[in-house]
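Presented below is the structure to which this report refers.
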Amino acid sequence: MQRSPPKHRHDGTSPLPLGMDWSPPPKRWEGRNTIWPHNHQTGWSYCVMIPSWIVQADPGVSNDTFLKSVVFYRIHVGIQSPEGVSSSHGVLKRFSDFLNLYASVKKTFPKKDIPAAPPKHALLRINSNRQLLEERRRGLEEWMGRLLSDIDVSRSALVAAFLELEAAVRSSFQEWNQSTSDVIAGPSSSGMFADFPRLDSTSQSVVSDLGSDIAFDESTDTGDSNIIQSSKQSPIITHVRKASSESVGSDASSLRGSEAASVTGFISNSILDGSHDNDVSSFMDTSCETLNDAQVILPMDQKNKLFRLLLTLQRRVVTGKTDMEDLIARLNQETAVKEYLNTKVKDLEVELEVTKQKSKETLEQAIMLERERVTQMQWDMDELRRKCSEMESKLKFEQNEKTRVESENTSASGGKELLVQELEAKNEELDSVKRHLEEVEKKSKSDIKVLVKEVKNLRSSQAELKKIANRYSEEKTELQRALQIERQRWKDTSLSQKKLLHECKILRDRLQECGVNLFSEEDDKLIIENSSVGDALDLLATSDNRIGLLLAEAQLLAREDGPTISDTDYNSSTKSAGLNTASMNGTNANISEEEIRKAVTDLFIDNAQLRKELNSITRYALRLVAKSSDREEIEEAPQRKTVLNRFLSS
């Protein structure tokens, strides 16, 4: 008879989802970057851990009755992909579910030596003892490890259904899809400025002395090489974005746009400041350089100022990134504090239930002891009554004997003294028995009073415990309400920021459409493209009108306020929960949003004003060209001048 080959882990024959196999759990779970005790390239793996347990009351039962609570053990199912990415899935199971699993596995594999499950203590109240619950949790975790060490059991359908492996795989793929969608969304605007320092090395080649296309091509090549190197250094971006010529070209165009914007910003600041009037006048006489796309004129002696401006912008970008990181760290700290408060509330609820159970047990034990003492006292009193009746019967008998003796004393006077002595002794015994009975009754009354006081004290302590429990539950609801309000506040803030970015993008595109290019460069000369100067002036007037409308829209955008939650609800919720409004960073978030909105709109307004000033300069140049063309009809020049040379000579 030919035997089948022996099975081993990750041999490709596992019937579980994705062909996964069981693996020993890692020593420490660190999320996606958890290190497992095996080579992840062999295939999909799963592990089982039982880190904790929770206590829940049965439906229809009040929270005060801890005896009828149900304990669920939290099963942590970890999954690792062949790429080494880990994910987790949680499952809640009762102790009876583990026993049912053991019975089903033993029935399915009758020939295997299945390890026994932890015993079920019928007489011990495990649900009311945290130490016993913790011991049972550790026992269940060890038993699951020994059970799944068998390859046939770990690949069985019973284990897959018990651990919900299909749901764990679905959640793993959902987490992976969410992470990839976040990466594909790309970096934010702050990330675009992160590569801005690379322009320091290429700006000299961009602004050359000749102003030719060859120098600009060299600077573009160097900028593209820097972009490719930065993409190789970042693993996340290279995994999502392709290092193709199209992406490099788009990055180069974005770099050129940023250079032009920085240069125009510098020129506008120089023109607006009164301290730079001499520089502006010398600008008309010195040799100038032009950028390839932006058509901005820059004097040679302004390079150092331009570099200082670029360094200042770089420092502002770095400070902005540090501020954003500080805000993210504060947000993470606040979430950690909220999680700590939630766990603290849960621990207090568990401790309250334990104290309730203990007080109830002590009260029941005290009542049982007092009932036993009362029954014992009743038995003693019955015994004393029986003895008293016996003594009375004896006394009657003695009296009868006494009468008989007295009757006989007439005949026998010699035994009279003996009978009198015996009668006195019996009377003394009867008196002692009566005194003992009275003492027993007094003692029983005092014991009953003590019992009544103890019962009253226990009732008063139970009422205080109920008040404490109600107060904790109210604090919990207030904390949950404050948490929900804070989440809504952050959500509204993010939505308003997205809306602001979208509106700014639309305004920027419309501003780009307002640009008017009236000149073309041929053989180091600038020649007007439009044949009619009047048409060019009309185009400039139309561009100014559209820019004015965009400025009005930008000012309206700066005055708009994002949707916020009413401060009264937020302050009342945080005040009742014992929290401070400033600790939730609500005010800081609003202030930062207003500052961002103001800064973006100010940048857009400055850009629009610069375009209007550029249109005015162009209009002035066209008028000069018109005047000079009239003069050329009268005067003959040996050399023909372009529009720009006439403008510079004037």
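Residue numbers are given in full-length UniProt numbering: position 536 of the sequence shown equals residue 536, and the series is strictly consecutive.
All residues carry an ideal CB built from backbone N, CA and C; glycine is no exception.
Euclidean distance between Cα positions of residue i and residue j
i	j	result
Gly31	Asp509	42 Å
Ala425	Asp382	25 Å
Gly548	Ser171	53 Å
Lys467	Ile448	29 Å
Glu513	Leu556	20 Å
Leu501	Leu603	13 Å
Val345	Ser359	21 Å
residue 665	Arg631	Since the first residue of the chain shown is 1 and the last is 650, residue 665 is not available in this structure.
residue 676	Val91	Nothing can be reported for residue 676, as the shown portion of the chain is limited to 1 through 650.
Ala157	Arg146	18 Å
Gly257	Leu511	Any reading at Gly257 is ruled out, since the residue's pLDDT is 39, under 50, leaving its predicted position unreliable.
Trp490	Gln174	24 Å
Phe397	Glu439	27 Å
Val85	Ser104	33 Å
Glu594	Gly43	51 Å
Asp113	Glu372	51 Å
Lys93	Glu142	16 Å
Asp326	Leu458	53 Å
Val159	Glu364	43 Å
residue 663	Leu479	The structure shown does not extend to residue 663, since the chain is modelled only from 1 to 650, so the question has no answer here.
Ile75	Ser52	8 Å
Lys120	Glu474	37 Å
Leu483	Lys338	8 Å
Ala116	Gln131	22 Å
Glu370	Thr362	12 Å
Asn470	Ala463	11 Å
Lys499	Phe162	46 Å
Cβ-based burial, residue i [other Cβ within 10 Å; buried from 16]
i	result
Arg155	buried
Ala329	exposed
Thr379	Before going on, a small fix: residue 379 reads as Trp here, not Thr. Answer is exposed; the Cβ neighbour count stays below 16.
Arg435	exposed
Pro25	buried
Lys356	buried
Leu495	exposed
Val452	exposed
Thr403	exposed
Asn545	exposed
Asn607	buried
Val420	exposed
Gln302	buried
Ser14	buried
Leu101	buried
Glu486	buried
Ser87	buried
Ser81	buried
Ala599	exposed
Glu83	exposed
Thr312	exposed
Thr343	exposed
Glu73	One detail in the question is off: residue 73 reads as Tyr in this sequence, not Glu. Under this definition Tyr73 is a buried residue.
Arg316	exposed
Same chain only: Cβ atoms within 6 Å of residue i, ignoring 5 sequence neighbours per side
i	result
Arg9	Asp21
Glu164	Val91
Pro601	Note on identity: in this sequence residue 601 is Thr, with Pro being the wrong assignment. For Thr601, where only same-chain residues beyond five positions count, the Cβ hits under 6 Å are Ala554, Leu557, Ala558.
CB contact below 8 Å: residue i versus chain B
i	result
Gln480	Considering every chain present, this structure includes no chain B. It has just one protein chain.
Chain-order list of residues whose beta-carbon lies under 8 Å from that of residue i (same chain, five-residue window excluded)
i	result
Thr375	none
Met391	Glu429, Leu430, Val433
Arg386	none
Leu437	Leu384, Cys388
Leu465	Leu352, Thr355, Lys356, Ser359
Lys7	Thr13, Ile151, Asp152
Cβ-Cβ separation, residue j to residue i (assumed contact under 8 Å), whole Å
i	j	result
Ala552	Arg597	Contact doesn't hold; Cβ gap of about 16 Å is too wide.
Ile79	Met144	Actually they do not touch by this definition, with Cβ atoms about 16 Å apart.
Val77	Val48	6 Å
Leu140	Pro118	6 Å
Own chain residues within Cβ distance below 7 Å of residue i, not counting five before or after
i	result
Lys476	Val345
Val350	Val55
Leu18	Trp44, Val169
Lys456	none
Leu16	Arg155, Ala160, Leu165
(message) Within 8 Å, do at least three Cβ pairs link the segment 90 to 101 to the segment 31 to 41?
(response) no
(request) Give a yes or no on contact between the segment 99 to 112 and the segment 137 to 152, applying the rule of three or more CB pairs nearer than 8 Å. (result) yes
(request) Pair every Cβ in the segment 534 to 541 with every Cβ in the segment 614 to 629, then say whether three or more of these pairs are closer than 8 Å. (result) yes
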